[in-house]
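Note that this note's numbering has the sequence shown beginning at 44, numbered continuously upward. One structure is given here, and the rest of the page talks about it.
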Amino acid sequence: MPQNLINANPTVYNTKTLTRKETDVEYDDSIEDPIDSQEIFDLIRSISDPEHPLTLEQLNVTQFEHIQVNNEESRILIEFTPTIPHCSMATLIGLCIRVRLLRSLPDRFKVDIRVRKGTHQSEGAVNKQLNDKERVAAALENNHLLEVVNQCLATASLRGKEVSSN
């Protein structure tokens, strides 16, 4: 964790308990189960913040309401909210979300990741970086950056269960 924190005292929010109603159809492998906003939220909600031992959900960076899925067009839009308007970690957070989804979703999906409008002073630049394939690929070739991303993703599999702050 960095010594000079950008947001030394972030607001911590209560996490929501969102449960999916499971039916027999969901266990039938012969039926294609469409991906929905709940599934995407479950994949990203427990990603760790790069600065604090908290999840993106606990910091209200990711919210279920800001995820759109269009299975017919194979498109996903995720908007996230940095904790402060000048957060220098915004690009890293977006990169973590992108990598989590790259590793979890079928290749057919086009994923757009954006900073929510009006929540960051450099939202245009951040959005451009996060949705440029070449920039993302170059970032992931940096071993140190990839190590940081993997540390943030270490808790992602918890899918909403509490993260211990050890």
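All C-beta atoms, glycine included, are put in the ideal place defined by N, C-alpha and C. Keep in mind it's a predicted model, so treat the numbers as computed, not measured.
Contacts around GLU166, its chain only, beta-carbon distance under 6 angstroms, and the 5 residues preceding and following it disregarded: VAL158
Which of helix, strand or coil does DSSP assign to ASN10? Past the edges of the chain, shown from 44 to 209, lies residue 10, and the structure says nothing about it.
According to DSSP, residues forming a beta bridge with LEU120: GLN111, ASP155
Looking at the strands, I want to know which residues DSSP matches up with SER73. Beta-bridge pairing links SER73 to no other residue.
Taking 7 angstroms as the line, does the beta carbon of ILE136 fall inside it for any heavy atom of the ligand SAH? For the structure depicted, the ligand SAH is absent and the ligand set is empty, with no information on it obtainable.
Nearest-angstrom Cα separation, counted from PHE107 out to GLU122: 10 angstroms
7 angstroms Cβ shell around LYS153 - same chain, five flanking residues per side excluded: SER117, ARG118
Between CYS195, GLN81, THR198, which lies nearest to VAL112 when the distance is taken from Cα to Cα? GLN81
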